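**Student:**
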Amino acid sequence: DTGVSQDPRHKITKRGQNVTFRCDPISEHNRLYWYRQTLGQGPEFLTYFQNEAQLEKSRLLSDRFSAERPKGSFSTLEIQRTEQGDSAMYLCASSTPGRTEAFFGQGTRLTVV
Amino acid sequence: GESVGLHLPTLSVQEGDNSIINCAYSNSASDYFIWYKQESGKGPQFIIDIRSNMDKRQGQRVTVLLNKTVKHLSLQIAATQPGDSAVYFCAENGTGRRALTFGSGTRLQVQP
């Protein structure tokens with residue numbers, strides 16, 4: 005499978021715990037995006053990487069959220085001190101220079117109880 | 067501000083009919099538009115895109131129409147099949163913006 009891969013697919017955590025998600029983009033794609041999607045809504049942009057550089061962060065990305073892409077390949081999204089409002093689908097997408105369309109992974113469904 | 071919205075939250079069609087899903091946008095600077103299909107529990111899947119220098123683009127069974135005058139685009143699906151049942155999102159982008167802005171989606175239900 006050469007598509008965008010996300011892990012885990014589902015995560016249930018207690019409020020206050022930290023969680024970390026991983027995204028492996030399509031191998032030749034140097035651009036990587038994280039989005040958040042709540043039920044019945046379209047994805048909302050969180051952050052963007054070009055290679056290892058985090059070039060843009062949405063105001064949705066509070067100080068409890070941090071994303072990294074240390075070697076310009078896979079990326080991680082960490083949420084500290086999770087709150088019930090963090091429950092959502094976290095989507096990763098990647099794209100290649102010169103092409104605007106982004107290809108999405110299957111997402112990580114986070115449930116905070 | 068910029069916004070992308072959809073006219074109808076749910077569209078129900080008969081199998082074999084053509085479907086038309088509409089989308090309005092408000093940002094005059096938007097120059098790239100894209101349609102995604104999202105099935106339950108899955109990530110959005112690219113369907114078709116169009117740039118603002120075009121007003122029509124066709125794919126396999128799908129056509130996207132762009133009317134920049136009224137800031138409207140539509141997705142037409144020919145001979146709709148049960149496998150087309152999903153939520154469809156339009157999204158847009160413009161110069162200087164790296165990320166897509168999505169609308170809230172239209173659920174397409176195909177009746178056998």
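From first to last, the protein sequence lines are chains F and D.
Using the numbering used here, read the first sequence as starting at 5 and increasing by one per residue.
Using the numbering used here, read the second sequence as starting at 67 and increasing by one per residue.
No residue lacks a Cβ here, since even glycine has one placed at the ideal position from N, Cα and C.
Note that the structure is predicted; figures quoted are calculated from it, not measured.
Kindly give me the distance between the Cβ atoms of I16 of chain F and T86 of chain F, rounded to whole angstroms, as I take these residues to be in contact under 8 Å.
**Tutor:** Their Cβ separation, rounded to whole angstroms, is 11 Å, which puts I16 of chain F and T86 of chain F out of contact at 8 Å.
**Student:** Please list, in chain order, the residues of the region 90 to 110 of chain F that have any C-beta partner in chain D closer than 7 Å.
**Tutor:** Under the 7 Å Cβ criterion, the region 90 to 110 of chain F contributes L95, T104, E105, A106, F107, F108, G109, Q110.
**Student:** Using Cβ-Cβ distances below 7 Å, what residues of the region 11 to 30 of chain F are close to chain D?
**Tutor:** Answer set for the region 11 to 30 of chain F: empty.
**Student:** Considering only residues of the region 119 to 170 of chain D, which uninterrupted beta strand (DSSP E) runs meet the minimum length of 3 residues and lie entirely inside it, listed in chain order?
**Tutor:** Counting whole runs of 3 or more residues, the region 119 to 170 of chain D contains the beta strand (DSSP E) stretches 122 to 124, 128 to 133, 138 to 143, 152 to 160.
**Student:** Roughly how many angstroms separate the alpha carbons of L132 of chain D and S94 of chain D, rounded to a whole number?
**Tutor:** The alpha-carbon atoms of L132 of chain D and S94 of chain D are separated by roughly 13 Å.
**Student:** Buried or exposed: where does V153 of chain D fall if 16 or more other Cβ atoms within 10 Å of its Cβ makes it buried?
**Tutor:** So V153 of chain D counts as buried.
**Student:** Sort out for me which residues DSSP pairs E60 of chain F with in a bridge.
**Tutor:** Beta-bridge pairing links E60 of chain F to F:Y52.
**Student:** Could you check whether the Cβ of S170 of chain D sits closer than 9 Å to any Cβ belonging to chain F?
**Tutor:** Yes, S170 of chain D lies at the interface with chain F (some Cβ there is under 9 Å from its Cβ).
**Student:** Going along the region 139 to 170 of chain D in order, which residues come within less than 8 Å of chain F, judged by CB to CB distance?
**Tutor:** The region 139 to 170 of chain D vs chain F, Cβ under 8 Å: F155, A157, N159, R164, A165, L166, T167, F168, G169, S170.
**Student:** Can you pull the DSSP bridge partners for D28 of chain F?
**Tutor:** Partner(s): F:S9.
**Student:** Can you list, in chain order, the residues of its chain with a C-beta nearer than 8 Å to that of Q177 of chain D? Leave out the 5 residues immediately preceding and following it.
**Tutor:** Taken in chain order, the residues that qualify are S78, V79, Q80, E81.
**Student:** Can you tell me whether P110 of chain D is buried or exposed? The criterion is at least 16 other CB atoms within 10 Å of its CB, across all chains shown.
**Tutor:** Its Cβ being crowded by 16 or more others within 10 Å, P110 of chain D is buried.
**Student:** If distances are taken between C-alpha atoms only, which option among F:H33, F:G7, F:C27, F:L43 comes closest to D90 of chain F?
**Tutor:** The shortest C-alpha separation from D90 of chain F is found at F:L43.
**Student:** Evaluate R35 of chain F with the Cβ neighbour count: other Cβ atoms within 10 Å of its Cβ, from every protein chain shown; 16 or more gives buried, anything less gives exposed.
**Tutor:** The residue is buried, with at least 16 neighbouring Cβ atoms inside 10 Å.
**Student:** Buried or exposed for R103 of chain F, going by 16 or more other Cβ atoms inside 10 Å?
**Tutor:** R103 of chain F is exposed by the Cβ-count criterion.
**Student:** Does Q88 of chain F come out as helix, strand or coil in the three-state DSSP assignment?
**Tutor:** Residue state, collapsed to three classes: helix.
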